[in-house]
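Student: Quick one: this structure, given as structure tokens, is what I'll be asking you about.
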Amino acid sequence: MNRRIATVGCLAALGLLTGCVYDAAVPAVYYENRLDEAVVITLEGERGPYEVAVGSDSSNSLGTDECKGTAIVVKTEDGDLVGRVEEAACPDWTLVVNADGTLDYTED
0 MNRRIATVGC LAALGLLTGC VYDAAVPAVY YENRLDEAVV ITLEGERGPY
50 EVAVGSDSSN SLGTDECKGT AIVVKTEDGD LVGRVEEAAC PDWTLVVNAD
100 GTLDYTED
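Numbering that gives the first Met the number 0 puts the first residue of the sequence shown at 0, with every later residue one more than the last.
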């Protein structure tokens, strides 16, 4: 009986440990849109363009483990320019499209 309890305890501990090891987050660039209309975010530059649609008052991300592009361009779905950031889109950075149309691009 004690052997059975020990085995169950070891298996439970092993499950907890392996869960921690394999629970790594995927690197990504995060986009948050606080406008009341959807936007399309385009990464310009080498190996692009990459486009990500972000609905009104929502968020999205682009999984990547390296910086992409040379500029980040935000437009409405109708093609009107909201703003532009002259930097690459890098993992663990967030671009926020504020309700007033300004952009904030910061490292998390």
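Note that the Cβ used here is the ideal one computed from N, Cα and C, for glycine as well.
The structure displayed is predicted, hence computed values, not measured ones.
1) Looking only at its own chain, which residues have a Cβ that is under 8 Å from the Cβ of Pro90, when we skip the five neighbours before and after it?
2) When the Cβ atoms of the stretch 29-49 are set against those of the stretch 70-88, are three or more pairs found closer than 8 Å?
3) Roughly how many whole angstroms lie between the Cα atoms of Asn32 and Gly54?
4) Starting from Asn97, follow its DSSP beta bridges and name the residues at the other end.
5) Note down, in chain order, each residue of its chain lying with its Cβ closer than 7 Å to the Cβ of Glu106, except the 5 sequence neighbours on either side.
6) At which residues does the beta strand (DSSP E) containing Asp103 begin and terminate?
7) Rounded to a whole number of angstroms, what is the C-alpha to C-alpha distance between Leu34 and Gly68?
8) Start and end of the beta strand (DSSP E) containing Gly82?
Tutor: Taking the definition as stated:
1) Pro26, Ala27, Val28, Thr63, Asp64, Glu65 and Cys66
2) yes
3) 7 Å
4) Under DSSP, Asn97 shares a beta bridge with no residue.
5) Asp91 and Trp92
6) Asp103 -> beta strand (DSSP E) spans Leu102 to Glu106.
7) 24 Å
8) It spans Leu80 to Val84 - the beta strand (DSSP E) in which Gly82 sits, taken as one unbroken run.
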